[in-house]
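If you count by the numbering used here, then the sequence shown holds residues 4 to 68, one letter each, in order. Since the structure comes first, as structure tokens, the remarks are kept for the end.
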Amino acid sequence: MKMSIGQTIEIIYLDKAGKITQRKIEVLGIRNGRIRATCLTTGAPRVFLASSILSCQPVAENRYA
């Protein structure tokens, strides 16, 4: 899947300790195999390695919220 700045996606990620997590993130920037994002679960800024993202999909917009 191609990611775009400003897009909200759900990822399954393998961290450097070998732990698999599932997160919803808002993409802030993409550069040199790194995705700078805000984790929507914690509200914290994060950087994810594109090579460690096991799966990703766009989050459907809720038009009735």
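For every residue, glycine included, the Cβ atom is placed at its ideal position computed from N, Cα and C.
Taking C-beta atoms under 8 Å as the contact rule, glutamate 13 and cysteine 59 qualify, at a distance of about 7 Å. With contacts defined as CB atoms closer than 7 Å, glutamate 29 and alanine 47 fail to qualify as a contacting pair. Within its own chain, the residues whose Cβ lies closer than 8 Å to the Cβ of isoleucine 8, once the five positions on either side in sequence are excluded, are Val30, Leu31, Gly32 and Ile33, listed in chain order.
Boundaries of the beta strand (DSSP E) around lysine 27: 23-34. Apart from sequence neighbours up to five positions away, no residue of its chain approaches threonine 45 with a beta-carbon distance below 8 Å.
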